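These protein sequence lines map, in sequence, to chains A and B. Just so we're on the same page, this note's numbering is the position in the first sequence counted from 1, plus 5. The second sequence: position 100 = 86 (this note's numbering), numbered continuously. Here the structure comes first, spelled out in structure tokens, and everything after it is commentary.
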Amino acid sequence: MDIVKCTKVKKTYRQNTVAVKALDGVSLSIKKGEFIAIAGPSGSGKTTLLNIIGGLDAADSGRVVVDGNVLTAMTQSELAQLRLHKVGFVFQSYNLIPVLSAQENVEFVMLLQGVPTGERRERARAILDDVGLSGMYGRRPAELSGGQQQRVAVARSIASDPSIVLADEPTANLDSKTGASLLEIMEEMNEKKQVTFIFSTHDKMVMEYAHRLIYLRDGRIVEDQVRKR
Amino acid sequence: MFFQLGWRNIWRNRRRTLVILTAVIIGVWSMIFLGALMRGIADQFVRNGIKTLTGHIQVHQPGYRDDPVVENSITEPSVVEAALTKRLPHGARWAPRVRVNAVASNARHSTGVTMVGIDPPREALISFIGGAITEGRYLNSDDPYGIVVGKALVDKFETQLGYKLVLMSQDTEGEIASRAFRIIGVYRAEMEATEKQFVFVTMSAAQEMLKLHNAISEIAILLPAHGEADQVAGALRAELPATEYEVNTWQELLPMATAILKIYDWTIFIWFLVVFIAMGFGIVNTTLMAVFERIREFGLLKALGMKPRWIIQEVIIESFFLLILGMVIGNALGFLSVLALSGPGIDLSALAAGTEYWGMSRVIYPSILGQDVIMANLVVFILGLAVSLYPAVKAARFTPVEALAHT
């Protein structure tokens, strides 16, 4: 079953008077439980593709379906609901809420979903344990290293029990050892919870972890290979 | 957790929060304190008016107020007394008076005054004169030639206790009546003008001098509370024939005081608005700064699935905490300031001439009115939240992609 299906997706940005084609007719299908890297040089359209799949940005044309929902036909409010329940995000610069502790950051999405307090706390702690942050529940982002903050971000992304997790260059700000460790955690979550992970990167080491590698250049898919590790 | 988030967010920039908090505190304090001060001034003004021979209600013969001459006297005071006995509430006090314009003179000076013939024990219970004697003594009922005059008049006439003062007025037969009195007491009043205007003799002396027999000019009534005046006046009007008696409340007798009360009401309201407008700009500015500093964060919240109205709610919660905190401290300081000054009052003796010109007392006692406190807090709270809506809506309008890309 396809969890994501993009058909002839196009997106053009305007920078002053210049039109920049970010996506130029991208079509792809992603099955549930895949662990995919979208690779390509800067400006190839990786982030745009992730934003469109995540409902953060709208395609100019084409069709995007995520877990049975046609994104191109949804209102902003419906997209917000979709992001809340079906999509998890991991950003390059962690983007944790600085005034909340690690546990509260993880709990926050569940709070928006209306999960009761007790269950929220229990699930947040269990996920933080899974990503190797036992005993750091009460620490605020400023008290955590970059790698630890990104683990909290991964924990937050799966806390809402999403269908897909979109990670935009999640290891770009981490050293290679910490990056590798984070990818192992993401892979473990992928296997354990059968959550589809789609992450963008231009780092060869990160690409090695992917079970499927989609290569973009100038807004087009130029390579789509299934890999075995 | 929204409240936790809001509370922690306002302390992210401690200095900025303290600055705007100080503005809210000073704003609320000034609303409460200056409001209480204005109420105190207005209250003293009314009290002075009521104590200075007005009372809460007066009964006259129709026409007396337009032309206060002896011909317009109440010839049957017993009718009024019977109505008072029947209709006055428990705790109310009243006193009859003869009140006419007269000329006071001694060997060197003469001036126009108001001669007030009083029933000394009764009058002492309803007006200032009973407790205002600073030299000599108060009148007794059997003082046919005793007179009590104001300190300012004594100074003006270069006279003193024990000296004679001649009063001259027109009697009921249209003749000039005069009588020599001896100064037995000197009084001080809140205002110098009062000391110069009123001279007090016994009612029997005034009646005898003016050939009034039992007639009186007015009956003044002091009620246990200001607010009862309309109701009691209504009851007396029902009891006394309108063709023979006119019943007036203090609001009618002191139109200036009533107008000043209204002016003060509006002044306080305008003051509240002015303070709020200054404070409102501070709130909008601070909240806008807090919002623009956190554009990425709002983008993240939207990316996580937070609806625009939740983001508005989040920003409003932050303003809510600032306002509540500022209001609690501002109110506490306002009440403490009023409490500290309610005993000694604010002594404006040094400005006595100026304050008197405006009808103010020499000592102002701030007085807190519940409705002012409620209005001040409602103005700050409701308008404070309303002006926070602008930055809140701005925060809710950021698109996640643009906001997350913001550096």
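Backbone N, C-alpha and C define an ideal beta-carbon position, used for all residues, glycine too. All values derive from a computational prediction rather than experimental measurement.
- With its beta carbon at least 7 Å from every one in chain A, Leu311 (chain B) lies outside the interface.
- In this chain, the beta strand (DSSP E) harbouring Leu151 (chain B) covers 150 to 156.
- Looking from the CA of Lys15 (chain A), the closest CA among A:Lys26, A:Ala78, A:Val9 belongs to A:Lys26.
- Among the residues facing chain B, Asn56 (chain A) is included, as its CB has a counterpart in that chain under 7 Å away.
- Chain B has a Cβ within less than 7 Å of the Cβ of Val104 (chain A).
- In this structure, B:Ile254 is the residue among B:Glu144, B:Ala166, B:Ile254, B:Trp236 with its C-alpha nearest to the C-alpha of Gln357 (chain B).
- If you ignore the 5 residues before and after Val135 (chain B), its C-beta comes within less than 7 Å of the C-beta of Leu151, Ile169, Val172, Val185, all in its own chain and listed in chain order.
- DSSP lists A:Arg217 as the beta-bridge partner residues of Val231 (chain A).
- With a 10 Å radius around the Cβ and a threshold of 16 neighbouring Cβ atoms, Tyr131 (chain B) comes out exposed.
- Straight across, the Cα-Cα distance linking Ser150 (chain A) with Asn178 (chain A) is about 11 Å.
- Glu204 (chain B) is bridged by DSSP to B:His46, B:Arg83.
- For Leu7 (chain B), no Cβ of chain A is located within less than 7 Å of the residue's own Cβ.
- Residues are counted here when their Cβ sits less than 8 Å from a Cβ of chain B; for the stretch 189 to 208 of chain A the count is zero.
- Around the CB of Asn126 (chain B), fewer than 16 other CB atoms lie within 10 Å, so the residue is classed as exposed.
- Residue burial annotation: Pro210 (chain B) is exposed, with fewer than 16 other C-beta atoms found within 10 angstroms of its C-beta.
- Taking a C-beta distance under 7 Å as the contact criterion, Asp173 (chain A) and Gln97 (chain A) qualify as a contact pair.
- Contact with chain B is found for Asn100 (chain A), since one of that chain's Cβ atoms lies less than 7 Å from the residue's Cβ.
- Sorting B:Thr180, B:Met177, B:Leu39 by C-alpha distance to the C-alpha of Thr235 (chain B) places B:Leu39 at the top.
- Taking CB atoms only, Met275 (chain B) has no neighbour in chain A less than 7 Å away.
- If you keep only unbroken alpha helix (DSSP H) runs of at least 4 residues inside the stretch 132 to 182 of chain A, you get 151 to 164.
- For Val114 (chain A), a Cβ of chain B is located within less than 7 Å of the residue's own Cβ.
- Going by DSSP, Gln30 (chain B) is part of the alpha helix (DSSP H) stretching over 0 to 35.
- In the three-state scheme derived from DSSP, where H, G and I count as helix and E and B as strand, Ile190 (chain A) is classed as helix.
- Taking 7 Å as the Cβ-Cβ cut-off, the stretch 58 to 73 of chain A approaches chain B at Leu61, Asp62, given in chain order.
- Met189 (chain B) and Ala81 (chain B) have their C-alpha atoms some 11 Å from each other.
- In the assembly as shown, Ala107 (chain A) is a buried residue. Its beta-carbon has 16 or more other beta-carbons within 10 Å.
- Taken in chain order, the complete alpha helix (DSSP H) segments of 4 or more residues contained in the stretch 235 to 268 of chain B are 236 to 239.
- Bridge partners of Tyr99 (chain A) according to DSSP: none are assigned.
- Each residue's CA atom was taken as its position, placing Asn(-5) (chain B) and Asn110 (chain A) some 14 Å apart.
- The beta carbons of Ala215 (chain B) and Ile43 (chain B) sit closer together than 7 Å.
- By the Cβ criterion, the stretch 153 to 160 of chain B is in contact with the stretch 195 to 214 of chain B, since at least three pairs of Cβ atoms, one from each stretch, lie closer than 8 Å.
- DSSP places Val31 (chain A) in the uninterrupted beta strand (DSSP E) bounded by 23 to 36.
- Note that the stretch 277 to 287 of chain B touches the stretch 85 to 102 of chain A; at least 3 beta-carbon pairs, one per stretch, sit closer than 8 Å.
- When C-beta distances to chain B are compared with 9 Å, every residue of the stretch 138 to 155 of chain A stays at or above that value.
- Close to Leu89 (chain A), with beta-carbon spacing below 9 Å, are these residues of chain B in chain order: Leu290, Gly291, Met292, Lys293.
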